[in-house]
Amino acid sequence: MVDLNLLAYLEGFLTEERKEKFQKILASRTNHITIAMEDVYQLHNTSAVMRSCEVFGVQQLHVIEQKFGKRIDREIAMGAQKWVDVQRYNSVTSCIEKLRSQGYQIIATTPHNDSCLLHEFDISQRSALFFGTEKEGLSPEILAQADGFLKIPMVGFTESLNISVSAAIVIQDLTSRLRQSEIAWSLTPEERLHYRMQWTQNSIKDVARIMERYSQPPSFEPSQNSSTQT
456 MVDLNLLAYL EGFLTEERKE KFQKILASRT NHITIAMEDV YQLHNTSAVM
506 RSCEVFGVQQ LHVIEQKFGK RIDREIAMGA QKWVDVQRYN SVTSCIEKLR
556 SQGYQIIATT PHNDSCLLHE FDISQRSALF FGTEKEGLSP EILAQADGFL
606 KIPMVGFTES LNISVSAAIV IQDLTSRLRQ SEIAWSLTPE ERLHYRMQWT
656 QNSIKDVARI MERYSQPPSF EPSQNSSTQT
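Residue numbering for the sequence shown follows this note's numbering, beginning at 456 and increasing consecutively.
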């Protein structure tokens, strides 16, 4: 639950332009689709996918680090880590269980024989789109648990794309179609408040000190004319 008084206090440190920009961007954000990456070895690819999520309005990115523990490359993410939620998992199972509990179907992006072409994919259901490693693709564990498969149509000799390029194409296509649809894809009012608070805190230097000052009761200083009763 967001403390509205605290939010109003913190937003007082922002310009009107900044607050309006937050509202505008939140109106285009979605959790209807989300992205999951499995053991991506190249650090810059994870960071680039995060940046694509931020640019095209996907609020959450799930990163499975079962094999490779990696930090986010801040230079390539270009600040996207301040505006996108990154959820980290130590196993495929924990990631899939979490996403299913949130109502997502598991969609594996792979040139599988039964894969649906991107432009034919049904966007009406909440979907978690999984992207795999650069060389091997998604693990058999994810493929076995997937509810469906998705692929980008290709007409050249090359049979695959870099993962960050693939993710950008998929995210841009699906979010564009969502915004043109009648599907309830937007964030809930509660989610918007949550992110307003989170983004406001991320925008303020020394926010911990400012919040501490807010939580402290004002000190009482008696005036010179006051008297003490006995």
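Where is the CB? At the ideal position from N, CA and C, for every residue including glycine. What you are looking at is a predicted structure, and each value in this text was computed from that prediction instead of being measured.
So what's residue i in DSSP terms, helix, strand or just coil?
i, result
"Tyr544", "strand"
"Gly534", "coil"
"Met492", "strand"
"Ala503", "helix"
"Lys479", "helix"
"Asn657", "helix"
"Thr613", "coil"
"Thr630", "helix"
"His567", "coil"
"Ile665", "helix"
"Met456", "coil"
"Ile578", "coil"
"Ala601", "coil"
"Ser636", "coil"
"Leu469", "coil"
"Val510", "helix"
"Val625", "helix"
"Val620", "helix"
Using DSSP bridges, identify the partner residues of residue i.
i, result
"Ser641", "Thr485"
"Lys606", "Leu572"
"Gly592", "Thr588"
Nearest to residue i by alpha carbon, out of the options?
i, options, result
"Ser619", "Thr564, Ile578, Glu475", "Thr564"
"Ile597", "Arg634, Cys550, Ala663, Thr613", "Cys550"
"Trp640", "Val513, Ala503, Leu584, Ala622", "Val513"
"Leu629", "Ile607, Thr470, Thr501, Leu554", "Ile607"
"Ala535", "Val625, Ala503, Arg555", "Ala503"
"His487", "Ile480, Thr655, Arg634, Val547", "Arg634"
"His574", "Gln627, Phe477, His499, Thr501", "Gln627"
"Ser556", "Val541, Thr613, Arg581", "Arg581"
"Phe576", "Met666, Ala482, Ser631", "Ser631"
"Ile480", "Leu461, Thr548, Glu509, Gly558", "Glu509"
"Glu646", "Ala482, Thr470, Glu475", "Ala482"
"Met609", "Ala583, Cys571, Asp602, Pro644", "Cys571"
"His517", "Arg543, Trp538, Leu469, Asn500", "Arg543"
Please report the residue range of the beta strand (DSSP E) in which residue i lies.
i, result
"Thr773", "Outside the shown range of the chain (456 to 685) lies residue 773, about which nothing can therefore be said."
"Ala583", "582 to 586"
"Gln515", "515 to 519"
Here's a check: name, in chain order, each residue in its chain whose Cβ is nearer than 7 angstroms to the Cβ of residue i, leaving out the five neighbours to either side.
i, result
"Arg473", "Ser658"
"Asp569", "Phe604"
"Ser579", "Ile638"
"Asp457", "What sits at residue 457 in the sequence shown is Val, not Asp. Correct list, in chain order: Leu648, His649, Met652."
"Gln600", "Ile551, Ile561"
"Phe585", "Ala491, Glu493, Ile561, Ile562, Ala563, Thr564, Leu593, Ile597"
"Ala622", "Ile490, Val504, Ser507, Phe586"
"Ser636", "Ile578"
"Tyr669", "Leu461, Tyr464"
In terms of residue numbering, what span does the alpha helix (DSSP H) encompassing residue i cover?
i, result
"Asn460", "459 to 466"
Let me check you understand the geometry: is the CB of residue i closer than 7 angstroms to at least one non-hydrogen atom of the ligand COA?
i, result
"His567", "Looking for the ligand COA in the displayed structure turns up nothing, as the structure carries no ligands at all."
Which residues in the same chain have their Cβ closer than 6 angstroms to the Cβ of residue i, if we skip the five residues on either side of it in sequence?
i, result
"Glu590", "Residue 590 is actually Lys in this sequence, not Glu. Counting only Cβ-Cβ distances below 6 angstroms, and skipping sequence neighbours, we find nothing."
"Arg484", "Gly512, Gln514, Leu642"
"Thr655", "Leu465, Glu466"
Near residue i, what residues of its chain come up, given a Cβ to Cβ distance below 8 angstroms and the 5 sequence neighbours on each side ignored?
i, result
"Pro566", "Lys606, Glu614, Ser615"
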